[in-house]
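Following: one structure in C-alpha cells, then a few remarks.
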Amino acid sequence: MDLQRLSSVILPLTILLTYTSFVLSLLPEALQTVEISSETCTTTDPQSSFATDFDNLSKSIFSKITADPAAALPFATDFGNLSESTPGAVFYPSSPDDIAALVRFSYTNPKPFPISQRGAGHSMYGQTFVPDGVLIDMSSLGRSQVDSRITVVDGPVPYADAGGEQLWIDVLYAALKLGLMPRTLTDYLYPTIGGTLSNAGISGRVFKHGPQISNVYELDVITGTGETVTCSREMNSDLYYAALGGLGQFGVITRARIALEPARKMARWVRLFYTDVKLLMKDQEKLISTENNLSVFDFVGGEVLLSVRKVSAISTSFKLSESDIEKITRLVAEYDGPVYFIDAVAYYDDTTVPSLDQNIKSLLEELHYISGFAFSFDMPLFDFLNRLYYQELARRPLGLWLVPHPWLDLFVPKSKVLEFKSRVFEGILNGNTAAGPVLIFPMNRTKWDDKMSAVTPNEEIFYAVSLLWSAIANDSIILTDLNNQVVNICENYNLGCKKYLPRYTNQEDWQKQFGEKWSEFVSRKKKYDPKALLSPGQKIFTPLELN
Ligand code: FAD
Numbered sequence: 001m002d003l004q005r006l007s008s009v010i011l012p013l014t015i016l017l018t019y020t021s022f023v024l025s026l027l028p029e030a031l032q033t034v035e036i037s038s039e040t041c042t043t044t045d046p047q048s049s050f051a052t053d054f055d056n057l058s059k060s061i062f063s064k065i066t067a068d069p070a071a072a073l074p075f076a077t078d079f080g081n082l083s084e085s086t087p088g089a090v091f092y093p094s095s096p097d098d099i100a101a102l103v104r105f106s107y108t109n110p111k112p113f114p115i116s117q118r119g120a121g122h123s124m125y126g127q128t129f130v131p132d133g134v135l136i137d138m139s140s141l142g143r144s145q146v147d148s149r150i151t152v153v154d155g156p157v158p159y160a161d162a163g164g165e166q167l168w169i170d171v172l173y174a175a176l177k178l179g180l181m182p183r184t185l186t187d188y189l190y191p192t193i194g195g196t197l198s199n200a201g202i203s204g205r206v207f208k209h210g211p212q213i214s215n216v217y218e219l220d221v222i223t224g225t226g227e228t229v230t231c232s233r234e235m236n237s238d239l240y241y242a243a244l245g246g247l248g249q250f251g252v253i254t255r256a257r258i259a260l261e262p263a264r265k266m267a268r269w270v271r272l273f274y275t276d277v278k279l280l281m282k283d284q285e286k287l288i289s290t291e292n293n294l295s296v297f298d299f300v301g302g303e304v305l306l307s308v309r310k311v312s313a314i315s316t317s318f319k320l321s322e323s324d325i326e327k328i329t330r331l332v333a334e335y336d337g338p339v340y341f342i343d344a345v346a347y348y349d350d351t352t353v354p355s356l357d358q359n360i361k362s363l364l365e366e367l368h369y370i371s372g373f374a375f376s377f378d379m380p381l382f383d384f385l386n387r388l389y390y391q392e393l394a395r396r397p398l399g400l401w402l403v404p405h406p407w408l409d410l411f412v413p414k415s416k417v418l419e420f421k422s423r424v425f426e427g428i429l430n431g432n433t434a435a436g437p438v439l440i441f442p443m444n445r446t447k448w449d450d451k452m453s454a455v456t457p458n459e460e461i462f463y464a465v466s467l468l469w470s471a472i473a474n475d476s477i478i479l480t481d482l483n484n485q486v487v488n489i490c491e492n493y494n495l496g497c498k499k500y501l502p503r504y505t506n507q508e509d510w511q512k513q514f515g516e517k518w519s520e521f522v523s524r525k526k527k528y529d530p531k532a533l534l535s536p537g538q539k540i541f542t543p544l545e546l547n
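For the sequence shown, counting from 1, position 425 maps to 425 in the UniProt record's numbering; every step adds exactly one.
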C-alpha cells in the first residue's frame with residue numbers, strides 16, 4: 001500500500017483516535033495512534049489490549065476498529081478470486097448503532113474516509129474493496145446469533161425480519177421452523193441479505209414472484225450521513241427504491257422485512273432437452289407465462305451445453321442414470337451446435353400429489369423437447385433449494401471451489417436472444433470446454449419494480465444469460481478475454497444487453513449501464529451519500545467527488 005493511499009485512511013483514523021483521547025484521558029498513549037509505514041499499517045498495540053482497555057465503553061466504536069494487517073487479510077479478495085486489495089482498516093460493529101456512529105464520524109470528519117459494507121464477499125470483482133478506508137465486517141453484527149437477528153412472524157402476511165448481515169440459508173432455516181419459506185431465493189443460499197438486495201437476487205423463481213428485491217416489505221438503512229432510516233413503499237419510499245438494487249451506494253442495509261409463504265416439502269425436478277433454441281424459448285416462455293398462469297411449476301431455469309465435456313457436470317445435483325448420461329452424451333456429441341435444457345421444478349406436498357402427476361403430464365404434452373429426452377426425479381424441497389451447497393461441499397476438498405471465477409451475468413432482451421445465440425453460443429463459445437455452467441432462462445419485466453435502482457432491458461421478457469466460469473485450468477485470462485468479447489458483441493451489434501452484478505471502472509460505462517435511470521441514481525447518491533463514502537469498490541463514484 002503506498003503512503004499516499006494509506007494516509008488517506010490512517011489520517012482520519014488517527015484523528016478519530018486522537019479526538020477520543022481528550023475524552024478518554026486515561027488512555028495509554030500507545031493506544032491513541034496508528035503507526036504508518038510504507039508497507040503496512042499496524043496499530044501500536046494488539047487489538048486485544050485495545051479492546052480490554054475500552055471494556056467500560058462498550059458502546060464506543062473505537063475499540064472495534066483495527067488496522068492490523070492480519071485482521072485485514074481475510075478480506076483481501078472475494079469469491080471471484082481475480083484481484084487482491086487489503087482494506088485500510090476493519091470495523092467489527094456489534095450493533096447497527098455502531099455502524100451509524102462510524103459513518104457519522106467519517107461524514108463529519110474534516111478528512112472523511114470511504115467505508116465498504118462487506119457481506120459474505122461473494123462478489124467477483126472486488127466490489128467490497130476499500131484500500132483507503134474502513135471495511136465493515138457485517139458478520140460481526142451477529143451472524144452467529146441467528147435467533148436474535150432473525151424473527152419470523154406468521155400471519156395473513158407472513159414475514160421475516162432479518163439483519164442485513166444474515167445469510168439466506170439462515171432465514172430459510174428460521175422460516176421452515178414455522179412451515180414457511182422466503183418467496184424467492186437465489187440458487188446459492190450463502191450470500192447475505194444486504195448483498196443480494198444490493199443487486200436483485202435472481203433465479204428460475206423470478207417469474208413467479210420477481211427477484212428478491214421485489215419481495216421486501218421494509219428496510220432499515222444507515223445512509224452515508226450516518227442517519228438510520230426505516231423505509232418501505234409507503235414510508236421514505238425514495239430511499240427504499242434507491243437501496244434495492246443500489247449496489248451499496250445509498251446506505252448500509254441493517255434489516256430487511258422479507259416476504260414469506262407456506263413451504264412445501266418436496267420438489268419434482270423435470271429436465272427437458274432441446275437442440276432448437278427457438279423451441280426452448282417458446283417452451284420456457286410458456287412455462288413462465290402469467291397469461292396462462294399454468295401454475296404447475298414453481299421454478300423455470302435452463303442451461304446451455306457448449307461441448308460434450310459439460311455433460312458430466314450436469315448430473316451433480318440432478319440424478320441421472322448411467323444410461324441416461326450416455327444418451328445425453330451421444331446427443332451432445334452428435335449434434336453440431338449447442339444443446340439446451342430446461343429445468344422445471346414443481347414444489348409439492350402430500351396434498352398436491354394426485355393432481356401434480358396429471359398436471360405435469362398434460363403440460364409436458366404441449367411442450368417441444370426432443371422426444372425421449374425428458375427426465376425427472378423427486379427430492380426434498382430443502383435439498384433442491386440448497387443444491388449448490390452440496391456442490392460446494394464436494395468441490396472444496398478437491399480444490400475446485402476457491403478458484404478464480406471470471407463470471408459474466410447478462411440480461412438479454414428477448415428480441416435479441418437469437419442473434420446472441422448465433423454470435424455467442426454458436427460463435428465464439430461454440431465447443432467451449434471451460435468448467436462452469438452457462439445458464440439461460442427468461443424473466444418477466446412486470447415482476448420487477450422500475451422505481452428500484454436495479455437495471456433491466458426495456459422489453460417485457462428478457463433472458464438471464466450467465467457464464468459462470470471456474471478457472472480451474474489457469475485459464476482466467478482466457479475466460480476474461482472471452483467475456484470481454486461477449487460484451488463487445490452486445491455493444492457492437494446493439495443487442496441492448498444489461499449486465500447483472502455489473503462491473504465497470506469508469507463513469508461513462510456506468511452511465512450507459514443505468515441508461516435513463518442514471519440521473520436519478522446520481523441525484524439519489526447526492527441525497528443519501530453526499531460525500532460518496534459508501535461501497536467505493538463498485539467504482540461508480542470517487543469519494544467526495546459529489547461535493
Ligand atoms: P458482498 O460480496 O459482500 O457485497 C456485494 C455488494 O453489496 C458490495 O458492493 C457491498 O458493499 C454491498 N453490500 C453488502 N452488504 C450490504 C449491506 N448490508 N447493505 C448495503 N450494501 C451491502 N446472485 C443471484 O442473484 N442469483 C444467484 O443465483 C446467485 N448465485 C450465486 C452463486 C454463487 C456461488 C456466488 C458466489 C454468488 C451468487 N450470486 C447470485 C451473486 C450474489 O448474489 C452477489 O454477488 C451478492 O452481492 C453476494 O452477496 P454478499 O453478501 O456476498 O455480498
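Don't be surprised by glycine CBs; every beta carbon is placed ideally from N, CA and C.
Query	Result
Using 10 angstroms around the beta-carbon of Ala200, count the other beta-carbons present and answer buried if the total reaches 16, otherwise exposed.	buried
Flag this pair as touching only if the region 89 to 99 and the region 473 to 483 have three or more C-beta atom pairs under 8 Å; answer yes or no.	no
Which term fits Gln358, buried or exposed, when burial requires 16 or more other beta carbons within 10 angstroms of its beta carbon?	exposed
What did DSSP end up calling Ile540 once you bin it into helix, strand or coil?	coil
What does Phe91 pair with, by DSSP beta-bridge criteria?	Ile65 and Ile136
Please state whether DSSP places Pro46 in a helix, a strand or coil.	Note on Pro46: pLDDT 33, under 50, position unreliable in the model; no value is reported.
Give the C-beta separation of Ile440 and Tyr340 to the nearest angstrom, bearing in mind that I take them to be a contact with Cβ-Cβ under 8 Å.	7 Å
Between Pro543 and Pro112, which are expected to be in contact by the criterion C-beta below 8 Å, what is the C-beta distance as a whole number of angstroms?	7 Å
From Val134, Ser289 and Asp161, pick the residue whose C-alpha is nearest to that of Arg445; which is it?	Ser289
Give me, in chain order, the residues of the same chain whose beta-carbon lies closer than 6 Å to that of Asp154; leave out the 5 immediate sequence neighbours on both sides.	Leu178
Compute the Euclidean distance between the alpha carbons of Gly163 and Val417, then round it to the nearest angstrom.	38 Å
Say the cut is 7 Å; is the CB of Leu388 nearer than that to a heavy atom of the ligand FAD?	yes
So, under 8 Å CB-CB, Pro338 and Glu426 are touching, yes? Tell me the CB distance rounded to an integer number of Å.	7 Å
To which residues of the same chain is Glu365 closer than 8 Å at the C-beta, ignoring the five residues directly before and after it?	none
Would you please verify whether the beta carbon of Ala76 is less than 8 Å from any beta carbon of chain B?	Among the chains of the structure shown, chain B does not appear; only one protein chain is present.
Give the range of the beta strand (DSSP E) segment to which Trp269 is assigned.	Met266 to Tyr274
Under 7 Å from any heavy atom of the ligand FAD, does the C-beta of Val252 make it?	yes
Any heavy atom of the ligand FAD inside 7 Å of the beta-carbon of Ile202?	yes
What whole-angstrom Cβ distance do Val270 and Ala160 have, given they're in contact under 8 Å?	Incorrect: roughly 30 Å between the Cβ atoms, too far for contact.
Are the CB atoms of Gly80 and Met138 nearer to each other than 8 Å?	no
Could you pull the start and end residues of the beta strand (DSSP E) that Ala464 belongs to?	Ile461 to Leu467
Taking the straight line between their C-alpha atoms, what separation do you get for Val412 and Glu303?	15 Å
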